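> Right, I'll just put the structure down here and ask away after.
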Amino acid sequence: MSLFDRPQKDSDLDDEIRFHLNMAAKDRIQNGQSVPDARNSALKEFGNIMQVKEATRGMWSGASLEAFWQDLRYGARMLVKSPGFALIAILTLALGIGANTAIFSVVNGVLLNPLPFPHPEQIVSLFTEMPNFKNGSISYPNFEDWRRMNRSFSSIVVYRQTGFDLTEYGQPERLHGEMISAGFFEILGVTPLLGRTFSADEDRLGANPTATITEGLWKRKYGSDPRIIGQRMVLNGVGRTIIGVVPANFHLHIQNFQRGGPANEVYVPVGEWNEPRFHNNRAAGWGLDGIGRLKPGITFEQARADMERVSRDLSTAYPDVNGNKKAYLLPLKDEMIGDMRPVLLVILGAVMFVLLIACVNVANLLLARSTVRSREFAIRIALGAGEMRIVRQLITESLLLALVGGALGLALARFGTAAAIAAMPVTMPRAEEIGLDQRVLLFTLLVSIISGIAFGLAPAWKTSRADVGSTLKESGRTVAGGRGQLQSVFVISEMALAVVLLVGAGLMIRTLVVLLGLDPGFNPNNVMTFSFSGPASYKAGSPDAIRSAQRQLHDKLASLPGVEAVSFSWGATVMRSDNDDYFWIVGRPMPPLSQLPMTLEYDVEPDYLKTLQVPLKRGRFFTTADNEHAPSVAVIDESFAEKYFPNEDPIGHFIDLNTDPTDPEKLPNAQIVGVVSHVNQWGLDSDSTNSLHAQMYLPIMQIPDKSLKRGGLASDVYIRTTRPGVPSFEEMRQRLLDVHGELVVYSPESLDQIVAHSIGKKRFAMTLLAVFAGIALLLASVGIYGVLSYLVGQRTQEIGVRMALGAQRFHVLRLVMNDGARMTFVGLGIGVVAALGLTRLLSHMLFGIKPTDPLTFMAVALLLCGVALFACYVPAHRAMRVDPTVALRYE
Amino acid sequence: MNPRYQNRIELLQGTLDLLILQTLMWGEQHGYGISQVIRTHSGDVLQVDTGSLYPALHRLERQKWIKSEWKLTENNQRAKFYQLTAAGRKQLAEERSRWTQMSDAIAAVLNPVRTQ
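Chains as they are written, first to last, in my numbering: chain Y, 136 to 1026; chain U, 3 to 118.
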C-alpha cells in the first residue's frame, strides 16, 4: 500500500464505522429506545472511536512508512515519558558512537583515503638499502644513474631537507626548506599559485640560482606582493631569483620532507648545489631521498624488479661503494603512514569494544524496562496487534535511541577529534586530511543502525516470546527467572570485554613505565638545545675566524647567570638527527669499502659530558687543550668498545676515518683517549633494536678546515641550566646577537621534550587505550550494578521470606554478592582467555614486557574484581536491609 | 470497571480470528453483522470489542484470508461486506482443529479421568 491510498482508506474506515453506529442505533430504535438514547448508547457501546481507528489503521501495512512514523511517534512519546532512562541510554550510546566516529575519522583520513595527489598509486618512495638501513639516503651520482637506467618510471626526483638563513630582507631569519629536483612538484601534481616550477636547466651545476617560496612565506614575509616573481632573495648568502609560489594546500610529510618539523617555506633546485663532493662522491648520501612516478601500466612489483636490475648493474660497475647497496622501493602511502597503521587499527578495535559494551548496557536497560512494559505489550497483542508489530515497535524505539545517540556522538566526535589530534604528543601523518567526510558520516549512520538493532533485538525477542495471557493476569508482578539469565550473560560479556581493554591499556602503561624508567645514558632535565648560524661570509674566510667566533659565542653563553655548562655540537644530535661515518681501526687488515663498519659521529666541546651528564667510563674526555693544534683524539662509547675491542683496551688505538679512497681530503687518524657510556640515540623504544649502535666523539675544534668552512659559523648548542628555562631562550638569543648581530638563532627545544617525543606514538596508544578501558570498566560496573539491583528488586519477597525464616543479614548479603561474584569471575575468566589471544596484536607496541605479562593480568583482575564487587555491594547492602514484614506485604 | 462488562469473557488473539472466520462461513457479512452474530450465537456472553474487531478484520484482509467489497444493504445503505477467501477457508479449518485439540486438552485437565 502506498501513502497515496491513505485518504481513500481513511474515508472508507469512517464510512465503515458510521455504518456500524447507524446499524447499532437502528437496532436499539427497533427495540423501543428513543432516537437520541439509541444514538448515545450505540456510541457508548462502540467505545473510543479514535482509538479504534488508530488500532485499525495499524493493521493496514506491514512495513510502510506510515506504520514506521506511527511507531516512531509512539516510541518518541515513550522515551519522553521516561526521560531518565532515555538520557542514560542516549548518553551511553553517544559516548560509544562518538568515540567510534572520532577514531574512524582518523583511520579514514590516514589509512583509507587515497593520497591527495593525481594517481597516487603510481607514486613510489625510493631509498638506498644498506646493511644498516633499509631507507638510507641516495648518493647523487647513483640517483642520476637510476634516472638514466630505469625503464619503469616516467620520472624520478630527489629531495633533501635543509635550512636557509634568509638575510638582506628585514630581520634575518631561519627558513626551513628543501632542495628538490626539477619535476618534483609535477610528480605530486602541484601547480604553482604564481609563476612556475624549476626547469631541468635550473637543476644543474652552474645554473642561475633560483628559488620557489610557499604561499605561507609569501603572505608572511612579502605581504602577498603580486609582483613577487622575479624578485631576489638571499639564502645562505646566495642571491636567488624567486620564480614561483607553491600553494598552501600542498602537504607532504615523509622522512626528510617536513616530517615533524616546522613548515617548509622555501625550495631550491638540488642539482645546482655547488658542493663538489655531493656531485662526485658516490658513497655519501647527504640525506637525499627520492620519489618517482611509475609509467602507466607498470606495477609496483615490476618497478621493484627493474630497480633490482639497475642496482645490480651499479654494484658491478662500482663494487667498492655500491657492492652492498641497492634501491629500496616503498609505495608513498606506506611511507607516509609508517608504523601508524597497526597503532590505529588496535585503537579502532579497542573503541569498537567500547561500543559493544555500551550496546550491551543499553540492551540491559531495555530488558529491565521491557519487564515494566510487558503489560502494555500484552494489551496491544490482545487488541490484535501482531507480534511482529510489537517487535517492530521495539526495534523502532531502539533505532530512535541509537540515531539520537549517534547524532549526539557525531557532535562529540566533531569537536573531540580535532582536540584529540592537537593534544596528542605525536605528529599524526596526514593530520590535515582528517575530517568528517561522507564515508565517516555513512560509518556513523551504519554503526548507529547496527547498534540499534543489536541492543534492541534481545528485549524484542524476549517480549515476543512472553505469554500474553499469564502476563495480563499477573497484574504487574513478574517472574525473575528467564530475564535474569539473559542479563547475566550480558554482564558476563561486558566484564570479558572490559578485561581485554584493561589488559591492553595495562600493557601499554607498563610499557611506558618501563620506557620512562630507562636510563637514556644522559640526563635530559634542565637541558635546552637550539641552533644558530652566522653570515655566509665565514665560509669564504679563514677557518680560524670560525673557531675564534665559536669560542667567543661559547664563552658568552657560559658566562650567563644560571648556566651550568655549554657545549656546541656538530654531527649527530641525541634522538634528533644522525650523522654516521665509515671507519677502521688502524693496524687491522682493512676490508673492502663496502664492508666497513659504521659509527655515529658527534663533534662536541669538552663540557659536553657535563652538559648532558654522560658518565665517563675509562680514560678521559676532551679538554680545551685538544684543539686545532693538538694531535687528533677521539672518545668512544661502550658499545663501540664492546663490538670492536671485545678483548682489549681501546685506549691508545687509532681510528682511521679516511675510508673513501676517492676523497682527496685526508684526515689525521684520531687516537682513542676515553670511553663513555652509551647514549640513547634512536629514541627510548628503538635504540636497542637499531643496528647502528657504535658512537664516537671528536672535539669540535679538531674538525678539519675544509669541513669547518663548509659549515661556516653554525652549530647546535646544548645548555644545562640550574633551573629550567632560566635563562630563557630569548635571553640567550639576545646575548648571542649582542656578540654577533647577523646571527640567526632558532629551534629552541628542551631535551625533556625531545625524549618525550621519542615515545610519542606509544604514549598516544597508551592514552587512548587507557581512556577506552576506563570507559569500559565504568560501563561494565554500571551494568553489573543495574542487573543486581534489578535482581534484588525481583527477589525482595524471597529475601523477606528467608529473613522471616531466620536467615541472617550476612547470609542475605552473601546471597546477592554470590550472584555478582559469579558473573564477575566468569566474565573475568573469559576475558583473560580472550586477552591472552588478542594482546599478541599489541606486541609490536610493547617494550620490555611480554603480551602475557602476569603482573598486568593480575592487576587487571584485582581492579576489575574490586570495582565489580563494589558495584555489587550497593544492591547487596540494600537487600540486607530488607524488612521482612514490608517485603511480605508486597504479596 | 463498568459492571456491564463483568460477565464478558475477554477474547484473546487467535480466538477472535477463529470466530470471525467461522462467522463468514455462512456468507458475506459487514462488521456490525459479524459482531451481532458472535453475540447472539454465544448467548450474549461473547461481546466483541470494536477496538479488537476492526483491527482484526483489516488484518485478516491484509493476510488475504478475507476480502471486502462495498455493497448496498437491503435498506439501501452502503456497507463494507467481508467474505472468506480460499486461503481463509484453509486457515479456518486449521484453527478449528487447533481449537478442538486445545479445548479437549483443557477439558481433560479439568475433568481428569481417574484410572483404577
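No residue lacks a Cβ here, since even glycine has one placed at the ideal position from N, Cα and C. Just so it is clear, the structure is predicted and the values come from calculations on it, not from any experiment.
Tell me the rounded alpha-carbon separation between aspartate 954 of chain Y and alanine 211 of chain Y.
Translated into the one-based positions of the first sequence, residue 954 of chain Y becomes position 819. Translated into the one-based positions of the first sequence, residue 211 of chain Y becomes position 76. Distance between the alpha carbons of aspartate 954 of chain Y and alanine 211 of chain Y: 35 Å.
> Can you check whether the C-beta of histidine 43 of chain U is within less than 8 Å of a C-beta belonging to chain Y?
Position 41 of the second sequence, counted from the first residue, corresponds to residue 43 of chain U. Among the residues facing chain Y, histidine 43 of chain U is not included, as its CB has no counterpart in that chain under 8 Å away.
> Is it true that the CB of lysine 745 of chain Y sits closer than 8 Å to the CB of valine 811 of chain Y?
Along the first sequence, one-based indexing puts residue 811 of chain Y at 676. Along the first sequence, one-based indexing puts residue 745 of chain Y at 610. For valine 811 of chain Y and lysine 745 of chain Y, no; Cβs fall outside 8 Å.
> For chain Y, find out if any of its Cβ atoms is closer than 8 Å to the Cβ of alanine 81 of chain U; answer yes or no.
Mapped onto the second sequence, residue 81 of chain U falls at position 79. Closer than 8 Å: yes.
> Please name the residues in the segment 64-94 of chain U whose beta-carbon is closer than 7 Å to at least one beta-carbon of chain Y, in chain order.
Arg64, Gln79, Arg80, Ala81, Lys82
> Hey, would you say proline 859 of chain Y sits closer than 8 Å to asparagine 661 of chain Y, going by beta carbons?
For the purposes of this step, residue 859 of chain Y is taken as the residue at position 724 of the first sequence. For the purposes of this step, residue 661 of chain Y is taken as the residue at position 526 of the first sequence. Going by C-beta atoms, proline 859 of chain Y is nearer than 8 Å to asparagine 661 of chain Y.
> Out of Y:Leu449, Y:Leu491, Y:Ile556, Y:Ile569, point me to the one whose CA is closest to methionine 284 of chain Y's CA.
In the first sequence, counting from the first residue as 1, residue 284 of chain Y sits at position 149. Ranked by how close their Cα comes to the Cα of methionine 284 of chain Y, the residues Y:Leu449, Y:Leu491, Y:Ile556, Y:Ile569 have Y:Leu449 in first place.
> Can you grab the Cα-Cα spacing for the pair valine 927 of chain Y / glutamate 97 of chain U, in whole Å?
Position 792 of the first sequence, counting from 1, holds the residue named residue 927 of chain Y. Position 95 of the second sequence, counting from 1, holds the residue named residue 97 of chain U. Rounded to whole angstroms, valine 927 of chain Y to glutamate 97 of chain U spans 42 Å at the Cα level.
> By alpha-carbon positions, which one of Y:Pro1019, Y:Met1015, Y:Leu990, Y:Tyr881 ends up nearest to leucine 940 of chain Y?
Along the first sequence, read from residue 1 onward, the residue named residue 940 of chain Y stands at position 805. Nearest C-alpha to leucine 940 of chain Y: Y:Pro1019.
> Which residue's Cα is closest to the Cα of leucine 483 of chain Y: Y:Ser316, Y:Gly570, Y:Ile238, Y:Leu571?
Against the first sequence, residue 483 of chain Y aligns to sequence position 348. The shortest Cα separation from leucine 483 of chain Y among Y:Ser316, Y:Gly570, Y:Ile238, Y:Leu571 belongs to Y:Ile238.
> With contact counted as at least three CB pairs below 8 Å, one residue from each stretch, are the segment 283-298 of chain Y and the segment 467-481 of chain Y in contact?
Here the segment 283-298 of chain Y does not lie against the segment 467-481 of chain Y, with fewer than 3 beta-carbon pairs under 8 Å apart.
> Output yes if chain Y places a C-beta closer than 8 Å to the C-beta of threonine 52 of chain U; else output no.
Sequence index remark: in the second sequence, residue 52 of chain U carries index 50 (1-based). It does; some Cβ of chain Y falls within 8 Å.
> Identify whether leucine 222 of chain Y lies in helix, strand or coil by the three-state DSSP scheme.
Your numbering for residue 222 of chain Y matches position 87 in the first sequence. Of the three classes helix, strand and coil, the one that applies to leucine 222 of chain Y here is helix, per DSSP.
> Glutamate 865 of chain Y: buried (16+ other C-beta within 10 angstroms of its C-beta) or exposed?
As a working note, residue 865 of chain Y is residue 730 in the first sequence. That one is exposed.
> Measuring alpha carbon to alpha carbon, tell me which of Y:Asn416, Y:Glu350, Y:Lys144, Y:Gly341 ends up nearest proline 327 of chain Y.
In the first sequence, the residue the question calls residue 327 of chain Y occupies position 192. Among Y:Asn416, Y:Glu350, Y:Lys144, Y:Gly341, the Cα nearest to that of proline 327 of chain Y is on Y:Glu350.
> Please check the pair valine 1002 of chain Y and serine 885 of chain Y, which I expect to be a contact at CB under 8 Å, by giving their CB distance rounded to whole angstroms.
Taking the first residue of the first sequence as 1, we reach residue 1002 of chain Y at position 867. Taking the first residue of the first sequence as 1, we reach residue 885 of chain Y at position 750. Contact doesn't hold; Cβ gap of about 38 Å is too wide.
> Looking only at its own chain, which residues have a Cβ that is under 8 Å from the Cβ of histidine 155 of chain Y, when we skip the five neighbours before and after it?
Residue mapping note: residue 155 of chain Y aligns to position 20 of the first sequence, counting from 1. Excluding sequence neighbours, histidine 155 of chain Y sits near Phe181.
> For a contact meaning CB atoms closer than 8 Å, what does tryptophan 195 of chain Y contact in chain U?
Position 60 of the first sequence, counted from the first residue, corresponds to residue 195 of chain Y. Neighbours of tryptophan 195 of chain Y on chain U, chain order: His60, Arg64.
> What would DSSP say about tyrosine 920 of chain Y, mapped onto helix, strand or coil?
Translated into the one-based positions of the first sequence, residue 920 of chain Y becomes position 785. Three-state DSSP puts tyrosine 920 of chain Y in a helix.
> Nearest-angstrom Cα distance between isoleucine 22 of chain U and alanine 95 of chain U?
As a first step, residue 22 of chain U is located in the second sequence; it is residue number 20 there, counting from the start. As a first step, residue 95 of chain U is located in the second sequence; it is residue number 93 there, counting from the start. C-alpha separation (whole angstroms): 13 Å.
> Is the CB of glycine 33 of chain U under 8 Å away from at least one CB in chain Y?
Reading the second sequence from its first residue, position 31 is the one you call residue 33 of chain U. Closer than 8 Å: yes.
> May I ask which residues mark the beginning and end of the beta strand (DSSP E) holding leucine 310 of chain Y?
Here residue 310 of chain Y corresponds to residue number 175 of the first sequence, with the count starting at 1. DSSP places leucine 310 of chain Y in the uninterrupted beta strand (DSSP E) bounded by 308-315.
> So, with DSSP's three-state summary, where would you put aspartate 679 of chain Y?
Locating residue 679 of chain Y in the first sequence gives position 544, counting from the first residue. Helix.
> I need the straight-line Cα distance from leucine 580 of chain Y to arginine 574 of chain Y, nearest angstrom please.
By 1-based counting over the first sequence, the position of residue 580 of chain Y is 445. By 1-based counting over the first sequence, the position of residue 574 of chain Y is 439. Using only the alpha carbons, I get a separation of about 10 Å.
> I need the straight-line Cα distance from isoleucine 910 of chain Y to lysine 897 of chain Y, nearest angstrom please.
Along the first sequence, one-based indexing puts residue 910 of chain Y at 775. Along the first sequence, one-based indexing puts residue 897 of chain Y at 762. Those two C-alpha atoms are separated by around 20 Å.
> Excluding the 5 residues flanking aspartate 145 of chain Y on each side, which residues of the same chain have their C-beta closer than 7 Å to its C-beta?
As a first step, residue 145 of chain Y must be located in the first sequence, where it is residue number 10. Around aspartate 145 of chain Y: no qualifying Cβ.
> On the DSSP letters alone, give me the boundaries of the beta strand (DSSP E) that aspartate 738 of chain Y sits inside.
The residue you call residue 738 of chain Y lines up with position 603 of the first sequence. Looking at the DSSP string, the run of the beta strand (DSSP E) that includes aspartate 738 of chain Y is 733-739.
> Cutting at 6 Å between CB atoms, please list the residues of its own chain near alanine 589 of chain Y, excluding the five before and the five after it.
Here residue 589 of chain Y refers to the residue found at position 454 of the first sequence. Around alanine 589 of chain Y: Cys494.
> Give the range of the alpha helix (DSSP H) segment to which serine 767 of chain Y is assigned.
Here residue 767 of chain Y corresponds to residue number 632 of the first sequence, with the count starting at 1. Taken as a continuous stretch (DSSP letters only), serine 767 of chain Y belongs to no alpha helix (DSSP H), as it is neither H nor E.
> Take every Cβ of the segment 697-704 of chain Y, pair it with every Cβ of the segment 713-729 of chain Y, and state whether three or more of those distances are shorter than 8 Å.
no
> So what's tyrosine 743 of chain Y in DSSP terms, helix, strand or just coil?
Locating residue 743 of chain Y in the first sequence gives position 608, where the first residue counts as 1. The answer is helix: DSSP assigns tyrosine 743 of chain Y an H, G or I state.
> By how many angstroms is the C-alpha of valine 293 of chain Y removed from the C-alpha of histidine 979 of chain Y?
Counted from its first residue, the first sequence places residue 979 of chain Y at position 844. Counted from its first residue, the first sequence places residue 293 of chain Y at position 158. In a straight line, the C-alpha of histidine 979 of chain Y is about 31 Å away from that of valine 293 of chain Y.
> Can you tell me which of Y:Pro594, Y:Val852, Y:Glu783 puts its alpha carbon nearest to the alpha carbon of alanine 693 of chain Y?
By one-based count along the first sequence, residue 693 of chain Y stands at place 558. When each option's Cα is compared against that of alanine 693 of chain Y, the closest is Y:Val852.
> State the start and end residues of the unbroken beta strand (DSSP E) segment that holds glutamate 71 of chain U.
For the purposes of this step, residue 71 of chain U is taken as residue 69 along the second sequence, with counting starting at 1. Where glutamate 71 of chain U is concerned, the enclosing beta strand (DSSP E) stretches over 68-74.
> Is glutamate 151 of chain Y close to chain U, meaning its C-beta is less than 8 Å from at least one C-beta of that chain?
Taking the first residue of the first sequence as position 1, residue 151 of chain Y is located at position 16. Yes, contact with chain U.
> So, does the CB of glycine 591 of chain Y fall closer than 8 Å to a CB anywhere in chain U?
Taking the first sequence and counting its residues from 1, one reaches residue 591 of chain Y at position 456. Cβ-Cβ to chain U under 8 Å: no for glycine 591 of chain Y.
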